[in-house]
Every structure is written in C-alpha cells, then in structure tokens.
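Here's the structure we're looking at; comments come further down.
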Amino acid sequence: MKTTIYLLLLSLMQVLHSTAQHDQFPQAWEGNWRGDLMIYSSGVEGSGPAQVIPMELDIQPLGAKRWTWTITYDIEQETTRAYELVQDSVSGQWMIDEKNGIQLPQIRIGGRIVSSFSVMGSLLICYYWFENDAMNMEIHVTSTKEQSTTGLGTEESPEVGNHFIGTFQKAVLYRK
C-alpha cells in the first residue's frame, strides 16, 4: 500500500513539474541543448534513420519578449542558424524571426510550440516541446502538391488530396 501511495505521489509530482514548465515558457526552456537529429526518409529501406546529425539549440534571454533561438548542425562544416524567438507585445503571438525577412508564427498548443510553413514545394510542420528534462523536436515534411486524389466529390465522399510524405526529422536534446 505504501508503495502504491509513493508511486501515485511521484506521478503527481511529475505532472505538476511538467505543468509548471509548460506555464513558464520560454523561461523554463532556456539553456543550451544538445543531441542528435535523426532524419528518416521515405525512400530509404529499413526502420533506422537515413542520416544522424549532431545538433544544438541555444535559447537565451535577449531582453523583454526576445530570446535567442540558435540552431547549430554539426555536419561537414558546422552550420549555425542564429534566429530569435519573439513575442509580439500587443497580440502575445510568438514567432521565430530568421533575421532575413522570414518570420514563422508559432502556436502554443498541447504544451508544444508548433509552426507550419511551406518553402520550395514542401510543407513543413515543426513541433518543439519540453518533456522529462529533454527538449524534443519533430519536423514532418510533405509535398505541397497533391500526389493523387480520391473520393467521388460528393457530400458522402468528398474529394481528398493525398500528399507525399518525404521526410520525418526527430531530435531529443539534453541540457549541456
């Protein structure tokens, strides 16, 4: 009985800790995060990643409503993308500013920040979330162009566009 109560209390503490971190976005996310980016491609046989790239995400406060959002990929040459996470002071809307005219709105939903954008014929849906002391990231990439359509075009069977899934990227990052 004592073990059951202990396990219930431990589970409750984890839920409360996770909720507190969610409510403290982005302050609870601050830090330098490091791990491997695993890239899965639809054209590659097997269940493992087609490519594994060491990556870092650095989130540091810059001032009121601004944080660094610096992503570094350690491929043949280290590639750094010095973005910023910014909150609009009027609307409260979050965005990642790529500092080149590109701004990607971020929506907070289900304890995650999520963005969806298209570039050069691909639609990317990006998720970032904090779970079990790790920063998680997933990106789903699909074609913006329908690969095929099905359905009869009626109310009972509307036309449905099918989109080719090209890649899926996943990283679990830990504080340095």
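Just so you know, the sequence shown maps onto residues -22 to -1, 1 to 154 in mature numbering (1 follows the signal peptide of the UniProt record, and there is no 0).
Cβ coordinates follow ideal geometry from the N, Cα and C atoms, glycine included.
Would you be able to state if there are at least three C-beta pairs under 8 Å between the region 90 to 103 and the region 70 to 82?
yes
Pick from S19, A60, I103 that is closest to K77, judged by C-alpha positions
Sequence index remark: in the sequence shown, residue 77 carries index 99 (1-based). Between K77 and the set S19, A60, I103, the nearest pair of CA atoms involves A60.
Do you know offhand how far S67's Cα is from E56's?
The residue you call residue 67 lines up with position 89 of the sequence shown. The residue you call residue 56 lines up with position 78 of the sequence shown. Distance between the alpha carbons of S67 and E56 is about 34 Å.
Host beta strand (DSSP E) of P27 (start-end):
Numbered from its first residue, the sequence shown carries residue 27 at position 49. Secondary structure note for P27: it is in no beta strand (DSSP E), with a DSSP letter that is neither H nor E.
Considering only C-alpha positions, which residue in the set Q147, N114, R86, T132 is nearest to Q2?
Here residue 2 is taken as the residue at index 24 of the sequence shown, counted from 1. The residue with the shortest Cα to Cα distance from Q2 is R86.
Residues near L101 by beta carbon distance below 6 Å, same chain, minus five either side
The sequence position of residue 101 within the sequence shown is 123, counting from 1. Counting only Cβ-Cβ distances below 6 Å, and skipping sequence neighbours, we find T120, T122.
If I'm right that M113 touches L151 with Cβ under 8 Å, what's the distance once you round it to whole angstroms?
One-based indexing of the sequence shown puts residue 113 at position 135. One-based indexing of the sequence shown puts residue 151 at position 173. Right, the Cβ-Cβ distance comes to about 4 Å (below 8 Å), so this counts as a contact.
Which of helix, strand or coil DSSP assigns to Q55
Working through the sequence shown from its first residue, we reach residue 55 at position 77. Correct three-state label for Q55: coil.
Indicate whether W11 and E34 have their beta-carbon atoms separated by less than 8 Å.
Taking the first residue of the sequence shown as 1, we reach residue 11 at position 33. Taking the first residue of the sequence shown as 1, we reach residue 34 at position 56. It is a contact, given that the beta carbons lie within the stated cut-off.
Considering only DSSP beta bridges, list what V64 is partnered with.
Mapped onto the sequence shown, residue 64 falls at position 86. DSSP, once it has assigned bridges, lists R44, M73 as partnering V64.
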